[in-house]
Amino acid sequence: MEDRLREKLTILADAAKYDVSCASSGSNRKNDGKGIGDTGSGICHTYTEDGRCVSLLKILLTNYCIYDCAFCVSRVSNDIKRAAFTVEEVVALTMNFYRRNYIEGLFLSSGIFKNADYTMERMLRIVKKLRLEENFHGYIHLKTIPGASEEMVTEAGLYADRMSINLEMPTEAGLKLLAPDKSHAEVKRELGIIRAKSVQFEDERKLIKSVPRFVPAGQSTQMVVGATAETDRDVMHMANQYYKAFSLKRVYYSGYIPISHDNRMPIIGTPPPLIRENRLYQTDWLIRLYGFAVDEIFTEVYQNLDLDIDPKLSWALRNLHVFPVDINAADYQLILRVPGIGIRSAQKIVAARRFGKIRIHQLKKIGISYNKAQHFIRCLDTPVQFNEPDAQRLKRIILRTSQSKYANNQFQQLRLF
Numbered sequence: 006m007e008d009r010l011r012e013k014l015t016i017l018a019d020a021a022k023y024d025v026s027c028a029s030s031g032s033n034r035k036n037d038g039k040g041i042g043d044t045g046s047g048i049c050h051t052y053t054e055d056g057r058c059v060s061l062l063k064i065l066l067t068n069y070c071i072y073d074c075a076f077c078v079s080r081v082s083n084d085i086k087r088a089a090f091t092v093e094e095v096v097a098l099t100m101n102f103y104r105r106n107y108i109e110g111l112f113l114s115s116g117i118f119k120n121a122d123y124t125m126e127r128m129l130r131i132v133k134k135l136r137l138e139e140n141f142h143g144y145i146h147l148k149t150i151p152g153a154s155e156e157m158v159t160e161a162g163l164y165a166d167r168m169s170i171n172l173e174m175p176t177e178a179g180l181k182l183l184a185p186d187k188s189h190a191e192v193k194r195e196l197g198i199i200r201a202k203s204v205q206f207e208d209e210r211k212l213i214k215s216v217p218r219f220v221p222a223g224q225s226t227q228m229v230v231g232a233t234a235e236t237d238r239d240v241m242h243m244a245n246q247y248y249k250a251f252s253l254k255r256v257y258y259s260g261y262i263p264i265s266h267d268n269r270m271p272i273i274g275t276p277p278p279l280i281r282e283n284r285l286y287q288t289d290w291l292i293r294l295y296g297f298a299v300d301e302i303f304t305e306v307y308q309n310l311d312l313d314i315d316p317k318l319s320w321a322l323r324n325l326h327v328f329p330v331d332i333n334a335a336d337y338q339l340i341l342r343v344p345g346i347g348i349r350s351a352q353k354i355v356a357a358r359r360f361g362k363i364r365i366h367q368l369k370k371i372g373i374s375y376n377k378a379q380h381f382i383r384c385l386d387t388p389v390q391f392n393e394p395d396a397q398r399l400k401r402i403i404l405r406t407s408q409s410k411y412a413n414n415q416f417q418q419l420r421l422f
């Protein structure tokens, strides 16, 4: 690799690291044996929904940008080294890295230079060259450019596996404060285009088998959290609206990293705790997969998630009247709400009790987190407890048990050395 291309790769791969929305789950693009690469197998690592690790070449087409978003390292006012790939360079890099077994796909985003269509046209040329000229069947995640024409967005969807556009801030007010040149309306417009075209192509495929697939892995978006004053409740309400309106595969939550001295940004000495990201993702799963509503998890008083316990446990401690849950009689949805019981464990419990009453040792064998769940369930041989449960006392017990278990695991690991 020549020195100038290596320098570009260093600059533009580093600039791309702030975009976390690069999971590659959900695509079913197949190689017919005549092309190169295959989406089905599982230099950035991401994970599919079934846990497979997938390596992607994650780069920006350019870090030049006409916008001055206060939270972005590539903003026009930032004094950084700039670079831009040509269309041919991105294609060559992707193919060379793939042939060396370094990657399984491409994640391509970009700053905006000149205007949205000028940038989007170059990104479209890249994916078309990869698919049509290089016969590349690996995974491609393409970030769409806010304000790009409907025609280009639609055409790009025929070649990309997943497309996404960043919402940036959870609220319009926060976006106007930090990125006044952008708007949520542009994001909604492009998400709406992809959603409508996906439905159209899917309907046509029911009648005509030769209709091409359109964004088979769906679309996603990303929000920066911690740069403005939105609560976790605000963040999750916005995410839930976008899930429903645009059938998103994922919403990604990126903790604000202080990279600017702009006086619009919050005055903080250190980044927001990464655990906040984790709690938001856990809440996201509760809403998408566990049947929780946003207004069940949050209230007017409780608008931010606990950082020391997960959101399901937090909800349970605030709703002790729901418990204990009788494992041998409760329905599946109620069992799902027990802290320490996941989806697979709940399914196993429902299946197992058809053959008889479930006891404690069977629950442990199923694989639930019994140390946590035991305070919220009853089964055939659960000891009778006479004390009325107290939320703060239960929280202390669970935290103490978790810390003790962690310390014991650390000790056992040290003994191996």
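Following this note's numbering, the numbering of the sequence shown begins with 6 at its first residue and continues without gaps. The beta carbon of each residue, even a glycine, is placed where N, CA and C say it ideally should be.
When C-beta atoms of the region 162 to 181 are compared with those of the region 239 to 257, three or more pairs fall below 8 Å, so the two segments count as touching. Around A396, the same chain offers L322, R323 and L325 as residues with beta carbons nearer than 8 Å, after the five sequence neighbours per side are excluded. Excluding the 5 residues flanking it on each side, E155 has same chain C-beta neighbours closer than 7 Å at I198, in chain order.
Shown here, M168 sits in a strand according to DSSP, grouped into three states. In the three-state DSSP reduction, H142 falls in the coil class, being neither helix nor strand. Taken atom to atom, the span from the alpha-carbon of G223 to that of I292 is near 19 Å. Residues I280 of the same chain have their beta carbon placed closer than 6 Å to that of L312, with the five preceding and five following residues left out of the count.
Secondary structure at F90: coil, using DSSP grouped into helix, strand and coil. Inclusion of A298 and I346 in the CB contact set at 8 Å is not warranted, their separation being larger than that value. Listed in chain order, the beta strand (DSSP E) elements of length 3 or more contained wholly in the region 218 to 249 are 224 to 230.
The three-state secondary structure of I108, taken from DSSP, is coil. In this structure, the alpha-carbon of I373 lies about 9 Å from that of A351.
Setting aside the 5 residues that flank it on each side, K119 is surrounded in the same chain by I71, each with a C-beta closer than 8 Å to its C-beta; the list follows chain order. When only Cα atoms are considered, V355 and L129 end up about 49 Å apart.
As computed with DSSP, V330 is found in a beta bridge with I382. Each residue's CA atom was taken as its position, placing V229 and R359 some 46 Å apart. V158 sits in a helix when the DSSP states are folded into three classes. Taking C-beta separations shorter than 7 Å and ignoring five residues to either side along the sequence, the partners of E160 in its chain run L129, following chain order.
Under the three-state reduction of DSSP output, V389 falls in the coil class, being neither helix nor strand.
Under the DSSP assignment, G197 falls outside any beta strand (DSSP E), being part of the alpha helix (DSSP H) whose first and last residues are H189 to R210. The beta-carbon separation of G260 and G231, rounded to 5 Å, stays under the 8 Å limit for a contact.
Spatial neighbours of F303 in its own chain (CB-CB distance under 6 Å, excluding positions within 5 residues in sequence) are listed in chain order as R238. Residue range I348 to A357 is occupied by the alpha helix (DSSP H) that includes V355, with no beta strand (DSSP E) assigned at that position. Here A121 has I150, P151, G152 and A153 as same chain residues with Cβ atoms under 7 Å from its own Cβ, once five neighbours each way along the sequence are excluded. K254 and S188 have their C-alpha atoms some 22 Å from each other. Between the beta-carbon of I145 and that of V132 there is about 6 Å, and that keeps the pair under the 8 Å contact cut. In this structure A21 is buried. Its beta-carbon is surrounded by 16 or more other beta-carbon atoms within 10 angstroms. A Cβ-Cβ contact shorter than 8 Å links N333 with C384. With a beta-carbon spacing of about 6 Å, L66 and L113 fall inside the 8 Å limit used to define contacts. Rounded to whole angstroms, the separation of the alpha carbons of D8 and A244 is 43 Å. Within the same chain, M157 come within 8 Å of E126 by CB-CB distance, once the 5 residues on both sides are set aside. The DSSP-derived three-state label of Y69 is coil. Cβ atoms of N171 and G116 stay farther apart than 8 Å, at about 12 Å. Each residue's CA atom was taken as its position, placing Q246 and L62 some 31 Å apart.
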